[in-house]
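Engineer:
Protein chains in written order, with the working numbering: chain A, 231 to 614; chain B, 231 to 614.
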């Protein structure tokens with residue numbers, strides 16, 4: 231297949247590019263290094279230096295003989311993206327090309343405006359590039375479980391049948407997100423659903439929870455192939471951050487009461503999910519939505535697990551509750567369903583003690599690179 | 231009160247500016263003439279030439295002694311809007327500054343992209359201008375009944391309590407619009423609700439149906455004070471278009487079966503609604519949503535009423551069903567509630583024979599200006 235990966239330099243994009251290339255597909259990875267630039271600007275560089283995308287691809291080809299094409303440019307620029315769609319004729323587009331940080335989106339006007347425009351315009355351009363150049367292409371869009379927020383009802387997979395005063399209809403499941411970043415994903419979903427039902431596009435929208443991990447079947451070949459691994463308060467997902475804190479000997483920073491519950495998954499399961507979605511596309515005019523996680527934890531449970539795993543390898547891990555910089559419920563109902571991807575055949579890799587110990591051991595090899603100034607929250611949701 | 235009208239040159243914006251000025255408020259009208267420029271570019275000029283905004287204000291002052299301040303500029307430019315908010319210190323912002331045409335938004339990529347960026351960025355800038363310069367200000371935002379689409383359940387006013395598997399929560403009423411323009415209003419609502427609940431802003435979002443009419447207590451003083459009256463397929467709302475067709479002696483163009491039902495209201499009731507909302511603001515952190523229409527009609531009912539009114543004054547009005555250029559249900563359930571604005575005191579002006587005859591008579595005075603080339607649909611929803 232012709233597989234176009236937008237945001238192909240990212241934490242998920244790069245492993246996805248390698249994964250599809252390993253399976254024998256023709257892969258084109260597109261990125262504008264926006265996340266690298268934002269990470270540097272906010273002093274949030276990843277734990278391990280990553281070669282640039284061209285160099286990563288050369289390294290990967292040297293290791294595996296699989297090629298990955300690269301184009302550097304901005305998907306929010308329609309001429310750039312449309313030319314790629316016309317020339318490459320993708321059969322699958324995996325769209326990760328968004329500003330991915332909730333705290334970044336809450337810094338100030340400029341960061342918020344960039345997040346809104348980058349994310350919406352990229353999604354809009356992807357839809358139009360499909361309309362104009364690849365109408366049969368299957369778009370796999372990365373949404374987030376955060377679109378749903380923390381409703382007091384069970385979270386279904388994307389859609390909800392509503393009965394009201396004796397009549398019924400089916401709608402997108404209500405969405406109410408906790409940051410501007412997550413809200414841009416809500417807007418993406420609204421926009422995608424409009425173009426899908428109006429023009430008969432085919433789209434899979436994946437409502438993914440926070441991802442952890444850095445080792446995949448491909449990245450394990452060489453540290454130069456590792457995905458960017460952020461452990462800071464802005465670009466680091468919570469479990470990755472806790473693991474680095476444990477290794478660095480600083481207390482795990484639990485925001486508030488720590489009862490915030492989310493659905494998590496291992497990076498290797500993200501790759502499985504994308505592959506499963508790609509190999510069984512939805513029909514024309516269908517917006518197929520899957521919830522994408524494998525198990526739910528509260529933040530405090532995650533911290534406890536890291537503490538336990540740390541003890542097994544001689545790390546004395548402390549947990550410290552700090553004022554919550556976010557505006558979110560710290561105790562809430564959370565019962566999301568997760569069936570669609572399992573029905574497609576997903577075999578979950580759960581967060582066992584072994585997995586945690588493996589990640590801690592890997593991070594310990596890079597312990598000297600940890601900058602503990604990156605760990606404490608620097609962005610608050612409330613303006614006072 | 232300090233009343234800031236964004237889109238103050240528009241079909242609703244200009245009558246609103248006069249209305250608040252007549253009531254003794256300090257009014258600042260802001261516009262960048264985007265709608266005038268788009269109308270000229272698409273050969274959709276209004277029936278009656280409108281003086282520019284400065285000249286309208288001079289004329290209005292000459293007639294009434296009420297001043298209206300004017301600033302010409304782009305609300306999608308944050309520096310421009312933020313400076314106005316800081317200087318004028320609005321207590322009420324009425325936000326009409328959006329590309330208002332569904333067909334325009336469906337022309338091509340460029341028109342769609344302009345609609346998305348203009349509408350979203352203007353709303354985003356308004357929210358930030360409030361956060362940074364007028365946090366207690368009451369924003370009155372013009373949404374549209376079109377945000378809801380045509381669901382198979384009763385349409386409540388903005389919100390819906392959902393019971394699902396024995397648990398309950400309250401959400402924004404499901405939204406699923408029929409054009410990109412209407413979809414941008416859905417995105418506006420999502421964005422506004424995020425900023426309201428996160429930062430405690432106060433907002434009234436008005437889900438308005440199509441408006442008709444051109445005579446208000448202020449515009450009647452001089453034809454130079456008339457709002458821009460579009461009768462074309464792009465900027466003309468359906469009833470205004472039918473009235474001009476009746477006068478011009480061309481058949482009323484009913485799209486498809488004509489069973490499309492919507493909630494309509496007279497321009498003078500729009501002014502009442504805005505005034506009622508302004509005089510009783512919601513609390514901080516409240517997103518108050520009202521449905522804003524006074525009665526519902528199918529398109530065919532509207533055409534029949536125009537035909538009947540025309541006969542009374544000697545016009546031989548024909549009705550012609552044409553292929554529907556839009557993608558919409560032509561027969562559907564439609565039962566929207568409409569209570570909030572009535573509770574605030576709205577006295578509805580219904581679409582009586584007298585009202586129709588009055589509008590027809592007014593338009594007949596300008597019959598020589600009708601360009602019937604502007605009437606047939608020039609924009610189709612489907613790409614084939």
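Backbone N, C-alpha and C fix where the C-beta goes; we use that ideal spot for every residue, glycine too.
DSSP on residue 614 of chain B, reduced to helix/strand/coil?
Structural biologist: With a pLDDT of 43 at residue 614 of chain B, under the threshold of 50, the modelled position of this residue cannot be trusted; read the value that follows with caution. It is coil, neither helix nor strand.
Engineer: Apart from the five residues on each side of it in sequence, which residues of its chain come closer than 6 Å, Cβ to Cβ, to residue 470 of chain B?
Structural biologist: Excluding sequence neighbours, residue 470 of chain B sits near 442 and 461.
Engineer: Does the distance from the C-beta atom of residue 278 of chain A to that of residue 259 of chain A stay below 8 Å?
Structural biologist: Against a cut-off of 8 Å, the Cβ pair of residue 259 of chain A and residue 278 of chain A comes out as no contact.
Engineer: Any Cβ of chain A within less than 8 Å of the Cβ of residue 392 of chain B?
Structural biologist: So, interface residue.
Engineer: Closest Cβ-Cβ distance between residue 467 of chain A and chain B: below 8 Å?
Structural biologist: No, its Cβ sits nowhere closer than 8 Å to a Cβ of chain B.
Engineer: Under the three-state reduction of DSSP, which class applies to residue 338 of chain A: helix, strand or coil?
Structural biologist: Coil.
Engineer: In terms of residue numbering, what span does the alpha helix (DSSP H) encompassing residue 422 of chain A cover?
Structural biologist: From DSSP, the alpha helix (DSSP H) with residue 422 of chain A extends over 410 to 429.
Engineer: Beta-carbon separation of residue 562 of chain B and residue 419 of chain B under 8 Å?
Structural biologist: No, the Cβ-Cβ distance between residue 562 of chain B and residue 419 of chain B is not below 8 Å.
Engineer: Taking beta-carbon pairs under 8 Å, can you tell me which members of the stretch 351 to 384 of chain A lie near chain B?
Structural biologist: The residues in question are 351, 354, 358, 361, 362, 381, 382, 383 and 384.
Engineer: Run down chain A in chain order and give the residues with a C-beta less than 7 Å from the C-beta of residue 401 of chain B.
Structural biologist: What residue 401 of chain B touches in chain A: 404 and 406.
Engineer: Where does residue 271 of chain A land, buried or exposed, given buried means 16+ other C-beta within 10 angstroms?
Structural biologist: So residue 271 of chain A ends up on the exposed side.
Engineer: Roughly how many angstroms lie between the CA atoms of residue 343 of chain A and residue 333 of chain A, to the nearest whole one?
Structural biologist: Looking at the two C-alpha atoms, the distance is approximately 13 Å.
Engineer: Closer than 8 Å, Cβ to any Cβ of chain A: which residues of the stretch 554 to 569 of chain B, in chain order?
Structural biologist: Listed by position along the chain: 557 and 563.
Engineer: For chain B, check one thing: does any of its Cβ atoms lie closer than 8 Å to the Cβ of residue 609 of chain A?
Structural biologist: No, no contact with chain B.
Engineer: Counting only Cβ-Cβ distances shorter than 8 Å, please list the residues of the stretch 335 to 348 of chain B near chain A, keeping chain order.
Structural biologist: Answer in chain order: 339, 342, 343, 346 and 347.
Engineer: Can you check DSSP and say which residues form a bridge with residue 389 of chain A?
Structural biologist: According to DSSP, which records beta bridges pairwise, residue 389 of chain A is partnered with A:402.
Engineer: Considering residue 472 of chain A, what are the terminal residues of the alpha helix (DSSP H) in which it resides?
Structural biologist: Residue 472 of chain A -> alpha helix (DSSP H) spans 468 to 478.
Engineer: So if DSSP puts residue 260 of chain B in a beta bridge, which residue, or which two residues, is it bridged to?
Structural biologist: Bridge partners of residue 260 of chain B: B:236 and B:301.
Engineer: Considering residue 587 of chain B, what are the terminal residues of the alpha helix (DSSP H) in which it resides?
Structural biologist: Unbroken alpha helix (DSSP H) run through residue 587 of chain B: 583 to 594.
Engineer: Taking residue 417 of chain B as the query, report the chain A residues whose CB atoms sit under 9 Å from its CB, ordered along the chain.
Structural biologist: Simply 350, 416, 417, 420 and 421.
Engineer: Just the C-alpha distance for residue 244 of chain B and residue 606 of chain B, rounded to the nearest angstrom, thanks.
Structural biologist: Going from the Cα of residue 244 of chain B to the Cα of residue 606 of chain B covers about 27 Å.
Engineer: Based on DSSP bridge pairs, tell me the residues matched to residue 322 of chain A.
Structural biologist: In DSSP, residue 322 of chain A forms a bridge with A:233 and A:368.
Engineer: Using DSSP's beta-bridge definition, name the partner residues of residue 550 of chain B.
Structural biologist: B:483.
Engineer: How is residue 560 of chain A classed by DSSP in three states: helix, strand or coil?
Structural biologist: Coil, per DSSP.
Engineer: Considering residue 502 of chain B, what are the terminal residues of the alpha helix (DSSP H) in which it resides?
Structural biologist: Residue 502 of chain B -> alpha helix (DSSP H) spans 497 to 509.
Engineer: Out of B:477, B:531, B:273 and B:402, state which residue places its alpha-carbon closest to the alpha-carbon of residue 488 of chain B.
Structural biologist: Of the candidates B:477, B:531, B:273 and B:402, the one whose C-alpha sits nearest the C-alpha of residue 488 of chain B is B:531.
Engineer: Hey, how far is the Cα of residue 609 of chain A from the Cα of residue 388 of chain A?
Structural biologist: In a straight line, the C-alpha of residue 609 of chain A is about 30 Å away from that of residue 388 of chain A.
Engineer: So the alpha helix (DSSP H) residue 573 of chain A belongs to, where does it begin and stop?
Structural biologist: Counting along the chain, the alpha helix (DSSP H) containing residue 573 of chain A begins and ends at 570 to 574.
Engineer: Can you tell me which of A:367, A:557 and A:593 puts its alpha carbon nearest to the alpha carbon of residue 486 of chain A?
Structural biologist: Among A:367, A:557 and A:593, the Cα nearest to that of residue 486 of chain A is on A:557.
Engineer: Out of B:410, B:518, B:340 and B:394, which has the shortest C-alpha to C-alpha gap to residue 426 of chain A?
Structural biologist: Of the candidates B:410, B:518, B:340 and B:394, the one whose C-alpha sits nearest the C-alpha of residue 426 of chain A is B:410.
Engineer: Quick check on residue 509 of chain A: buried or exposed, where buried means 16 or more other Cβ atoms within 10 Å of its Cβ?
Structural biologist: Residue 509 of chain A should be labelled exposed.
Engineer: How many Å lie between residue 575 of chain B and residue 506 of chain B at the Cα?
Structural biologist: About 7 Å.
Engineer: Taking beta-carbon pairs under 8 Å, can you tell me which members of the stretch 306 to 319 of chain A lie near chain B?
Structural biologist: Within the stretch 306 to 319 of chain A, the residues whose Cβ lies closer than 8 Å to some Cβ of chain B are 308, listed in chain order.
Engineer: At 8 Å on the CB atoms, spell out the chain B contacts of residue 397 of chain A, in chain order.
Structural biologist: Result: 382, 383, 384 and 563.
Engineer: Alpha carbon to alpha carbon, how far is residue 504 of chain A from residue 371 of chain B? Give it in angstroms, no decimals.
Structural biologist: Each residue's alpha carbon lies about 40 Å from the other.
Engineer: Between the alpha carbons of residue 599 of chain B and residue 365 of chain B, how many angstroms are there, rounded?
Structural biologist: Cα to Cα, the separation comes out at about 46 Å.
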